[in-house]
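Listed in order, the protein sequences are those of chains A and B. Note that the numbering used here has the first sequence beginning at 1, numbered continuously upward. Note that the numbering used here has the second sequence beginning at 1, numbered continuously upward.
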Amino acid sequence: MQFVPGAGLIAASARGVPPASVIRPTDRTSLLAALAGARAPVLVAGGTHLAAEYLTGLRPSTLVGLDRVDELARIDIDTAEIRLGAALTHAAGANDPALCRLLPGFADAWRSIANVRVRHWATIGGNLMALCTRYEMSLLLTALDARLRFLAPDGGFIERAPADLWNPAQPTPALLHHIAIARRPGLAFAYRRELRPVVTLAVCRDAAGDRAAIATEYLPPVLLPDANIAALPTDFADPVSSAWYLRRAGGVLLARAIADLDRSR
Amino acid sequence: MTAPIRFTLNGAPAEFNGPAGTPLIDMLREHFGLRGVRLACARGVCGSCTVLIDGAPGAACSLFAYRVDGRDVRTVEGLADADPPSPVVAAFADHAAFQCGYCTGGMIMLATALLAHDPDPSRETVVAWMSSNICRCTGYGMIIEAVLDAAARLREARDAA
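Encoded structure:
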């Protein structure tokens with residue numbers, strides 16, 4: 001094995017990391033100003049992913065903390081949508097009484113993400129924007145057909161689907177503001193993660209039918225529009241699991257998730 | 001951000017004038033000398049650096065110093081140095097719920113957070129919470145017994161009050 005100095009193979013103290021300057025905006029105006037004025041700013045919500053990034057060589061010079069921008073940590077619900085602020089922590093979002101009442105399956109799934117320490121600090125937006133295939137929120141929101149709304153420099157919003165994050169041809173705007181879930185008749189959700197990290201699967205049910213999404217430790221989510229495992233691409237395989245295995249295991253998880261939804265009617 | 005970070009550390013006012021982007025664990029260990037906050041995985045997974053921030057467990061290796069500005073921070077020293085010691089500390093000692101001891105500070109802090117959140121946890125709840133901290137000596141059985149015993153001690157103390 002070749003030793004690469006500074007590669008972060010050994011978890012040395014972060015003392016070796018040059019201190020970064022920190023900007024902590026308190027509202028949308030100061031946040032946009034900070035993003036416009038800073039050189040190569042790195043956005044920090046919970047910051048839990050950033051520690052891991054340090055170990056792989058990230059050396060930001062300017063951090064823009066999002067923790068004081070209240071509008072990023074809100075849940076807003078009206079008759080049309082559930083809007084989850086990007087800086088909501090997993091603990092705050094998953095235990096929100098209104099969300100638990102309206103979409104209990106999704107709240108349960110969200111509550112299962114990460115460990116108890118990380119859940120109190122890590123955020124839904126960080127989970128998405130880290131773009132790690134092992135992070136689970138992208139899968140959940142793909143199944144839910146959620147919309148990601150990014151703040152544009154002019155203060156308006158740019159909308160993306162969760163799958164767009166994984167498309168290199170589709171540039172991702174910098175600042176995720178909130179995630180919108182359309183409220184619709186019969187909306188229900190189930191998530192199976194017992195085979196994680198090998199394969200995970202989520203199913204969303206509404207009046208239009210069931211839609212599923214499947215992912216692995218190494219592969220971003222793939223949508224199964226009619227919750228039909230036969231729609232899984234034949235090349236859906238990763239370094240540890242064959243396409244044959246993932247199709248079989250995914251089929252099992254799909255059957256279990258659909259049974260969960262049938263029971264919860 | 002150049003303003004000092006002011007917060008409460010183990011019950012006493014504290015101030016840090018270093019870079020706001022300093023990792024919290026380095027601030028606690030190097031500036032305040034709290035060596036019970038231990039670095040191991042450096043990515044928020046193992047729990048040996050667990051501290052309580054406004055009562056919520058957090059991985060000090062994965063947070064920046066500025067996040068504790070205006071907040072209440074507790075480390076294992078704040079429990080161990082109390083007189084009498086915290087019932088969680090006493091239960092860990094009585095059950096010998098450690099082998100090498102490297103993970104013990106984080107275990108005690110996580111158990112303290114659990115018992116504040118759920119004073120009467122089931123064994124399953126204790127296992128679910130404590131399994132998020134890693135004991136590389138695999139001394140989990142004694143740790144789980146200690147947490148259940150600490151819960152009983154805290155209940156007795158509350159009933160007696």
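C-beta: ideal position from N, C-alpha, C; glycine also.
Taking 8 Å as the threshold (beta carbon to beta carbon), is B/Phe64 in contact with chain A? yes
What distance in whole Å lies between the Cβ atoms of A/Trp166 and A/Pro220, which are believed to be in contact at a cut-off of 8 Å? 4 Å
Measure from the C-beta of B/Ala20 to each C-beta in chain A and report whether the shortest distance is under 8 Å. yes
Just to confirm, is the Cβ distance from A/Leu201 to A/Ile214 under 8 Å? yes
Does any residue of chain A have a CB that is nearer than 8 Å to the CB of B/Arg123? no
Thinking just about the alpha-carbon of each residue, which of B/Phe92, B/Ala97, B/Val51 and B/Ile5 is nearest to the one in B/Gly198? Because chain B spans 1 through 161 in this model, residue 198 of chain B falls outside it and cannot be assessed.
Helix, strand or coil for B/Thr104? Go by DSSP, reduced to three states. helix
Which same chain residues, not among the five before or five after A/Arg247, have their C-beta less than 8 Å away from its C-beta? Within the same chain, A/Arg247 has close Cβ partners Ile229, Leu232 and Phe236.
Between the C-alpha atoms of B/Asn10 and B/Leu154, what's the straight-line distance to the nearest angstrom? 20 Å
Pull up the distance between the alpha-carbon of A/Phe106 and that of A/Leu141, whole angstroms please. Going by the C-alpha atoms only, they are around 9 Å apart.
Compute the distance between the beta-carbons of B/Ala152 and B/Val88, then report whether it is under 8 Å. no
Within the segment 141-199 of chain A, note down every full beta strand (DSSP E) run reaching 3 residues or more, in order along the chain. 147-151, 157-160, 175-182 and 188-192
Which chain B residues are close to A/Thr48, counting only those with a beta carbon under 8 Å from its beta carbon? Gly44, Ala59, Ser62 and Leu63
Any C-beta of chain B within less than 7 Å: which residues of the segment 106-127 of chain A qualify? From the segment 106-127 of chain A, only Asn115, Val116, Arg117, Val118, His120 and Trp121 have a Cβ closer than 7 Å to chain B.
Quick one: Cα of A/Ile77 to Cα of A/Ile179, how far? 12 Å
Check each candidate in A/Ile23, A/Glu81, A/Asn95 and A/Ala98 and name the one with the smallest Cα separation from A/Leu66. Nearest option by C-alpha distance: A/Ile23.
What is the C-beta distance between A/Arg147 and A/Ala169, in whole angstroms, given that I count them as a contact (C-beta under 8 Å)? At roughly 19 Å, the Cβ-Cβ gap does not stay under 8 Å, so A/Arg147 and A/Ala169 are not in contact.
Range of the contiguous beta strand (DSSP E) that encloses B/Asp72: Asp72 to Arg74
Leaving out the 5 sequence neighbours to the left and right, which residues in its chain are closer than 8 Å to A/Asp206 when beta-carbon positions are compared? Arg184, Pro185, Gly186, Leu187 and Ala188
Taking A/Gly57 as the reference, which of A/Gly46, A/Leu223 and A/Pro18 has the closest Cα? A/Pro18
What is the DSSP secondary structure of A/Asp210, reduced to helix, strand or coil? strand
At the level of alpha carbons, what is the spacing between B/Asp26 and B/Cys61? Answer to the nearest angstrom: the Cα atoms are 8 Å apart.
Taking B/Thr125 as part of the alpha helix (DSSP H), name the residues at either end of that continuous run. Arg123 to Met130
Could you tell me if B/Ala91 is buried or exposed, where buried requires 16 or more neighbouring beta carbons within 10 angstroms of its beta carbon? Around the beta carbon of B/Ala91, a 10 Å sphere encloses 16 or more other beta carbons of the protein chains shown; the residue is thus reported as buried.
May I ask you to report which of helix, strand or coil DSSP gives A/Arg39? In the structure shown, A/Arg39 sits in coil (DSSP, three-state: anything other than H, G, I, E or B).
State buried or exposed for A/Trp244, treating a residue as buried only when at least 16 other CB atoms are found within 10 Å of its CB. exposed
Of the residues that make up the segment 130-142 of chain B, which ones have a beta carbon closer than 9 Å to any beta carbon in chain A? Ser131, Ser132 and Asn133
Which of helix, strand or coil DSSP assigns to A/Asp76: DSSP places A/Asp76 in strand when its eight states are reduced to three.
Distance, Cα to Cα, B/Ala14 vs B/Ala65? 12 Å
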